[in-house]
Amino acid sequence: MNRIKSKILVISALSILVTTACTMALAPTIEIESPTTEMETNTITEMKDTPTIIVEMNDVSPRDWFYRYVVAGLRFGVIRNENYEYMYFEPDRDVTVGEFISMLGRLHEYGHGVISMPNNGEFCERYLEWALEIGIVHEYKHWDLMPGDVITREQKAMIVWQYIELFDLLYYLQHEYPVTMTLFWDYSEMSYWAQGPIEVLRTCLLMHGRYMGYFKPHDSVNRAEALRIIIRIGSAIYDFIHPLVR
Numbered sequence: 017m018n019r020i021k022s023k024i025l026v027i028s029a030l031s032i033l034v035t036t037a038c039t040m041a042l043a044p045t046i047e048i049e050s051p052t053t054e055m056e057t058n059t060i061t062e063m064k065d066t067p068t069i070i071v072e073m074n075d076v077s078p079r080d081w082f083y084r085y086v087v088a089g090l091r092f093g094v095i096r097n098e099n100y101e102y103m104y105f106e107p108d109r110d111v112t113v114g115e116f117i118s119m120l121g122r123l124h125e126y127g128h129g130v131i132s133m134p135n136n137g138e139f140c141e142r143y144l145e146w147a148l149e150i151g152i153v154h155e156y157k158h159w160d161l162m163p164g165d166v167i168t169r170e171q172k173a174m175i176v177w178q179y180i181e182l183f184d185l186l187y188y189l190q191h192e193y194p195v196t197m198t199l200f201w202d203y204s205e206m207s208y209w210a211q212g213p214i215e216v217l218r219t220c221l222l223m224h225g226r227y228m229g230y231f232k233p234h235d236s237v238n239r240a241e242a243l244r245i246i247i248r249i250g251s252a253i254y255d256f257i258h259p260l261v262r
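Right, dumping it as structure tokens:
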């Protein structure tokens with residue numbers, strides 16, 4: 017009797033399995049699209065559409081810390097391969113006020129079109145006129161700047177802050193998490209008109225100390241340092257990459 021019951025149970029189980037298999041075979045096939053497929057496709061497309069930037073400068077190597085800023089600088093039009101004699105970037109050369117304002121002006125042109133002034137001159141003249149006209153720099157103020165003078169770190173901070181404030185760009189540079197960094201030990205050595213801008217740019221990670229927590233406000237700025245802050249601003253505005261990442 018028990019054997020008969022066991023056989024009945026086995027036959028019933030087999031019947032259920034066969035029915036289930038037939039149902040699955042006859043059911044329509046539903047394809048579920050992977051959620052990453054579209055993302056991966058877009059990423060590949062963007063990579064194909066992005067032009068390859070070729071750095072033709074003899075003193076710039078992919079091993080240099082500033083290499084990515086040079087690549088981005090060429091893309092934004094802040095620097096140009098063909099403008100440098102013997103194809104040198106000269107990363108350690110001091111930057112003048114006129115040169116730094118020209119770099120900032122070229123970044124502005126990337127998003128707003130060519131800057132056209134009534135008396136367009138060669139080199140940095142039109143960028144200087146543009147900076148004076150919109151109020152980035154002032155001819156007769158306490159932090160008056162001469163185009164041919166080597167720019168200092170606190171002057172660089174003031175110019176950058178004036179640009180950010182004039183065009184209401186601080187939103188792009190603020191991080192979603194609070195940034196805590198130690199105050200600069202030489203805060204008292206900064207000019208009073210530079211203390212506020214330096215502090216704001218410090219919390220946005222656009223300004224860093226030279227060493228051991230010292231900012232060195234009166235030190236000069238070399239080309240690699242100047243390009244870094246310009247590109248960090250450009251990346252935040254146009255690529256939505258915060259300076260914390262860049």
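Here this note's numbering is used: the first residue of the sequence shown is 17, the next is one more, and so on. For every residue, glycine included, the Cβ atom is placed at its ideal position computed from N, Cα and C.
When you compare only the Cα positions, how much space is there between residue i and residue j?
i: residue 127; j: residue 238; result: 25 Å
i: residue 223; j: residue 167; result: 15 Å
i: residue 218; j: residue 74; result: 33 Å
i: residue 63; j: residue 203; result: In this predicted model, residue 63 has a pLDDT of only 32, less than 50, meaning its place in the structure is not dependable enough to derive any value.
i: residue 16; j: residue 132; result: Look at the range of the chain in this structure, 17 to 262, and you will see that residue 16 is not part of it.
i: residue 180; j: residue 186; result: 6 Å
i: residue 171; j: residue 210; result: 7 Å
i: residue 250; j: residue 79; result: 22 Å
i: residue 86; j: residue 205; result: 32 Å
i: residue 91; j: residue 230; result: 33 Å
i: residue 81; j: residue 146; result: 32 Å
i: residue 56; j: residue 89; result: Any answer about residue 56 is weak, because its pLDDT of 30 lies below 50 and its placement is not dependable; what the coordinates show is given next. Cα-Cα distance, rounded: 27 Å.
i: residue 114; j: residue 162; result: 8 Å
i: residue 72; j: residue 244; result: 19 Å
i: residue 242; j: residue 125; result: 17 Å
i: residue 169; j: residue 83; result: 21 Å
i: residue 214; j: residue 93; result: 26 Å
i: residue 70; j: residue 97; result: 9 Å
i: residue 208; j: residue 112; result: 22 Å
i: residue 148; j: residue 68; result: 35 Å
i: residue 198; j: residue 154; result: 31 Å
Which residues does DSSP pair with residue i in a beta bridge?
i: residue 166; result: 112
i: residue 143; result: DSSP, once it has assigned bridges, lists no residue as partnering residue 143.
i: residue 230; result: 227
i: residue 236; result: 168
Am I right that residue i and residue j are in contact with their C-beta atoms under 8 Å? What's the rounded C-beta distance?
i: residue 253; j: residue 119; result: Incorrect: roughly 15 Å between the Cβ atoms, too far for contact.
i: residue 200; j: residue 225; result: 6 Å
i: residue 236; j: residue 108; result: Contact flag wrong, Cβ pair sits at about 10 Å.
Between the options, which has its C-alpha nearest residue i's C-alpha?
i: residue 104; options: 214, 76, 257 and 198; result: 76
i: residue 255; options: 123, 97 and 71; result: 123
i: residue 184; options: 111, 152 and 72; result: 152
i: residue 212; options: 177, 97 and 96; result: 177
i: residue 150; options: 240, 214 and 182; result: 182
i: residue 216; options: 242, 173 and 257; result: 173
i: residue 240; options: 106, 112 and 198; result: 106
i: residue 191; options: 148, 257 and 112; result: 257
Below 8 Å between beta carbons: does that hold for residue i and residue j?
i: residue 189; j: residue 140; result: no
i: residue 143; j: residue 121; result: yes
i: residue 233; j: residue 248; result: no
i: residue 117; j: residue 175; result: yes
Sorry if obvious, but does the Cβ on residue i come closer than 7 Å to a heavy atom of the ligand FAD?
i: residue 211; result: Of ligands this structure carries none, so the ligand FAD is not represented either.
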